[in-house]
Every structure is written in structure tokens, then in C-alpha cells.
Amino acid sequence: MALFRLGPTSENATFVRGEGVYLRPPDMRDFEAWAGLRERSRAFLTPWEPTWPGDDLTRSSFRRRLRRNQQEIDSDEAYPFLVFREDDALLGGLTLGQIKRGVVQAATLGYWIGAPYAGRGFMSRAVRAAIGFAFSTLRLHRIEASCLPHNEASIRLLERVGFTREGYARAYLRINGAWQDHLLYALLESDPTPLRMPRRD
Numbered sequence: 001m002a003l004f005r006l007g008p009t010s011e012n013a014t015f016v017r018g019e020g021v022y023l024r025p026p027d028m029r030d031f032e033a034w035a036g037l038r039e040r041s042r043a044f045l046t047p048w049e050p051t052w053p054g055d056d057l058t059r060s061s062f063r064r065r066l067r068r069n070q071q072e073i074d075s076d077e078a079y080p081f082l083v084f085r086e087d088d089a090l091l092g093g094l095t096l097g098q099i100k101r102g103v104v105q106a107a108t109l110g111y112w113i114g115a116p117y118a119g120r121g122f123m124s125r126a127v128r129a130a131i132g133f134a135f136s137t138l139r140l141h142r143i144e145a146s147c148l149p150h151n152e153a154s155i156r157l158l159e160r161v162g163f164t165r166e167g168y169a170r171a172y173l174r175i176n177g178a179w180q181d182h183l184l185y186a187l188l189e190s191d192p193t194p195l196r197m198p199r200r201d
């Protein structure tokens, strides 16, 4: 019921501004830029992602993705974003997903960045912005993230923005066609970090 909803209820509420970047849910006008960036970045992204469906980069698949995204936002289950530079160049994507309410108040963070923009600090800025959105707007208590043990760039990113390594999960996610171990990270609303946006009550 909408009365008990804690997430955003308007498009403006899901527009997130960060330092030199902004996040917003994807729409059909993004298809060509999204498909182009994903295709150019395929070799770069493949080791870190689930196997892509055969029709992944088609317009019809993107349209289905948008419908699913909107359903997830409407039901407060997930908040998928595309990440843009201030000049509107598409950089990558970020999702706060698997949202759990009640006594949990947690979400799982996932992200990808296009190969031309990797290693330049853009995703760190996007994650910082998403942290503020998660704790201030979604009123979450905990954000969880995982990464492959050999993904040093992702490890550096998570630790730089304040996540704490909490564990090691065997055969945790099926990545690039194989069940792979992952490092488990989390950030709490109460964790001391200079990156936190003030919470609105």
C-alpha cells in the first residue's frame, strides 16, 4: 500500500546528482547510447558479469528491461540507474536492488562502467551519490555489495567509499558462465564516513 511506502514516489525523487555525475532511471531515449557502450565494452565487462543473453543488446530486450525496471521501482524492490557525466555522456549503470524492508531495511549494490571511462573515478562518484540516495531518500540501514576476489578495481572502489569487508562466500554468483566465489562488503547508515549525505527526517 502506498501509505506505507518509504521509497520515492516521483520521477524527480529518482534523479540523483553527484560530484560531476548524475544518475537517473533509463528510458527508451537511452537505447542507442546504452547498447553502443555495452557493445564497445563487451570484452571489458564479460569477466565480471553474468553471461549476456543472445538478444541482450536489441531494442526489444531493452524495452522489456525498462518495463521490469519500472515495476521494480513502483514496488520499491529495486532502483536501477544509468550513470551520466555532467555533459550527458553515458558512463555506465548502477542498481540498488533486492530491497528488503521491515526489520532489515537493506539493499544490494551493483554497478558497471563502460571501458572508455574505467579507472577515472566516475563510478566512485556515482556510488557516493547512490549511498546518499539509499540512506536519505530510501531510508535504508544497510547497503551490501560483493565482488570477485581478483577484481581489484572494485575492491578499491568499495573500500574507498567506506564499505567494510565482512566475509567470503563460496560459489556465490554465476559470473561469466561459472559459479564464482565473492568477497562480501557492507556499509551501514551509522558507519562513520565523510561521504554521507545528511538524512532527511
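Following full-length UniProt numbering, the numbering of the sequence shown begins with 1 at its first residue and continues without gaps. Note that the Cβ used here is the ideal one computed from N, Cα and C, for glycine as well.
- Within the same chain, and ignoring the five residues on either side of Asp56 in sequence, the residues whose Cβ sits closer than 8 Å to its Cβ are Arg38.
- Remark: three or more beta-carbon pairs, one from each stretch, lie closer than 8 Å, so the stretch 105–118 and the stretch 133–151 are flagged as touching.
- The Cβ atoms of Phe81 and Thr58 do not sit closer than 8 Å to each other.
- Residue environment for Pro26: buried (at least 16 other C-beta atoms within 10 angstroms of its C-beta).
- The three-state secondary structure of Trp34, taken from DSSP, is helix.
- The residues Pro26, Asp27, Met28, in chain order, have a CB closer than 8 Å to that of Leu66 in the same chain once the five nearest residues on each side in sequence are set aside.
- With fewer than 16 other Cβ atoms inside 10 Å of its own Cβ, Arg160 counts as exposed.
- Going by DSSP, Ser61 is part of the alpha helix (DSSP H) stretching over 59–74.
- By the neighbour-count definition (other C-beta atoms within 10 Å, threshold 16), Arg120 is an exposed residue.
- Distances from the alpha-carbon of Arg174 to those of His182, Tyr168, Gly167 put His182 closest.
- With at least 16 other beta carbons inside 10 angstroms of its own, Tyr79 counts as buried.
- Cβ neighbours of Val16 within its own chain (closer than 6 Å, five residues either side excluded): Leu23, Ala129, Phe133.
- With respect to the C-alpha of Pro47, the residue from His150, Glu166, Phe163 having the closest C-alpha is His150.
- Within the DSSP secondary-structure output, Tyr172 pairs in no beta bridge.
- In the three-state scheme derived from DSSP, where H, G and I count as helix and E and B as strand, Glu159 is classed as helix.
- By the CB criterion at 8 Å, Cys147 and Leu158 fall inside the cutoff.
- Closest in alpha carbon position to Ser154, among Leu184, Gly177, Tyr172, Asn176, is Leu184.
- By a beta-carbon distance limit of 8 Å, Arg85 does not contact Phe62. Their separation comes to about 21 Å.
- In this structure, the alpha-carbon of Leu45 lies about 10 Å from that of Thr51.
- Inclusion of Leu91 and Gly110 in the CB contact set at 8 Å is not warranted, their separation being larger than that value.
- Taking a C-beta distance under 8 Å as the contact criterion, Ala171 and Trp179 qualify as a contact pair.
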